[in-house]
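Enquirer:
In the numbering used here, the protein residues as written are 6 to 177.
(1) The alpha helix (DSSP H) that contains residue 117, what's its start and end?
(2) Can you tell me which of 139, 90, 57, 100 puts its alpha carbon nearest to the alpha carbon of residue 70?
(3) Just mark residue 81 as buried or exposed, buried being the case when its beta carbon has 16 or more other beta carbons within 10 Å.
(4) Classify residue 14: buried if its beta carbon has 16 or more other beta carbons within 10 angstroms, exposed otherwise.
(5) Taking just the CA atoms, how far does residue 116 sit from residue 124?
(6) If I'm right that residue 39 touches residue 54 with Cβ under 8 Å, what's the distance once you round it to whole angstroms?
(7) With residue 44 and residue 21 assumed to form a contact (beta carbons below 8 Å), what rounded beta-carbon distance in angstroms separates them?
(8) Roughly how many angstroms lie between the CA atoms of residue 105 and residue 96, to the nearest whole one?
(9) Residue 86 and residue 17: beta carbons closer than 9 Å?
(10) Roughly how many angstroms separate the alpha carbons of residue 6 and residue 61, rounded to a whole number?
(11) Quick check on residue 132: does DSSP put it in helix, strand or coil?
(12) Using three-state DSSP, classify residue 9 as helix, strand or coil.
(13) Roughly how far, in whole angstroms, is the beta-carbon of residue 112 from the beta-carbon of residue 93, given that I think they are within contact range, below 8 Å?
(14) Counting only beta-carbon separations shorter than 9 Å, does residue 19 have a partner in chain D?
(15) With burial defined as no fewer than 16 other Cβ atoms inside 10 Å of the residue's Cβ, what is the status of residue 10: buried or exposed?
(16) Look at the alpha carbon of residue 103 and the alpha carbon of residue 12, and state the distance between them as a whole number of angstroms.
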């Protein structure tokens with residue numbers, strides 16, 4: 006039985022994330038994902054093929070993300086969002102079997118599931134702007150700017166909360 010497209014995408018995303026953060030081996034991923042996500046080893050192997058396809062295009066994909074996200078530096082994009090963007094960008098540019106709008110909608114779904122609503126907005130803005138740019142359409146910089154500002158605000162609130170927690174933890 007073949008894995009549903011949404012579940013397959015989630016496996017691919019989780020592998021991309023794992024490779025990006027932990028430099029996991031293919032064998033490690035095969036065993037771990039098949040047991041943790043309750044998918045067949047065949048499905049994990051198919052996802053590994055997709056991940057290696059994405060990784061083969063990574064310099065181009067990362068460059069496009071970086072160029073599109075001008076008001077929010079590529080290095081500051083969180084690992085979850087970065088890998089969702091990589092998957093979405095790959096599907097839009099290198100997988101003709103997936104309509105661009107579906108790739109964007111699915112990337113937003115992944116962002117909501119594995120991150121936040123604000124991240125989904127950011128992912129949508131980046132992928133939509135990239136799609137419009139590839140089609141020669143005018144890009145709405147305002148939407149990208151607002152998304153980046155939302156993420157900046159979230160970062161500031163998170164830093165503040167971490168500092169407050171640290172102060173509470175160290176108080177007598």
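Built from N, CA and C at the ideal position, the CB exists for glycine as well.
Expert: The short version:
(1) Looking at the DSSP string, the run of the alpha helix (DSSP H) that includes residue 117 is 105-119.
(2) 90
(3) Exposed is the call here.
(4) buried
(5) Roughly 6 Å separates the two Cα atoms.
(6) That pair is no contact at about 15 Å.
(7) Their Cβ separation, rounded to whole angstroms, is 16 Å, which puts residue 44 and residue 21 out of contact at 8 Å.
(8) 7 Å
(9) no
(10) Confidence is the limiting factor: at residue 6 the pLDDT is only 45, short of 50, which leaves the residue's position unreliable and the question unanswerable from this model.
(11) helix
(12) coil
(13) 3 Å
(14) Any reference to chain D falls outside this structure, which holds one protein chain only.
(15) exposed
(16) 15 Å
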